[in-house]
Amino acid sequence: MVRLPRALAGEVIAHAREAAPLEACGVVGLREGRVERLARARNYSQTPQVHFTFTNPAPGARLGADDGYKLIMDYDRDGLDLGVYHSHPASPAYPSPTDRREMSQTWPDILQLVVSLRLGPDQPELFAYRIDSQGGVTQDELRIED
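Numbered per our numbering, the sequence shown spans residues 355 to 500.
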């Protein structure tokens, strides 16, 4: 089970709404199954309407404050378990085939929060998943807490 403070759930949803029709993405920091921190990351994808990449692919690129890789290093340094979030502006809140392929190779078994706005910006759907190294998806129970 993943415990997510209501205020942080609101931040993920707000980021998705602001970024639409592009995918929003960010980094999540957890301790003992409870989300303690999250930060927005820049989406560097060449096709941000349907994909997210939060690390700068340019050779020799400097890491900016909103670079996902830098955020991950910061959270790891602080002893937090790592996770990511991203949005699906027009598709279900479920990892896409691309999500499964990329995350299984890059960060298997970490928390994935996926928010969908397919029903409209006032009806967000938010779910938690883990993607294993083979691309298999397991849904985690997500509890929104005050």
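The beta-carbon is built from N, C-alpha and C at its ideal position, and this holds for glycine as well.
- DSSP places Glu499 inside the beta strand (DSSP E), whose first and last residues are Leu496 to Glu499.
- For Ile426, the enclosing alpha helix (DSSP H) begins and ends at Gly422 to Arg431.
- Collapsing the DSSP output to three states places Leu471 in coil.
- With respect to Leu392, Glu372 sits apart: the two C-beta atoms are not nearer than 8 Å.
- Contact between the stretch 420-431 and the stretch 469-485 is absent: fewer than three C-beta pairs spanning the two stretches fall below 8 Å.
- Within the same chain, Arg484 come within 6 Å of Thr492 by CB-CB distance, once the 5 residues on both sides are set aside.
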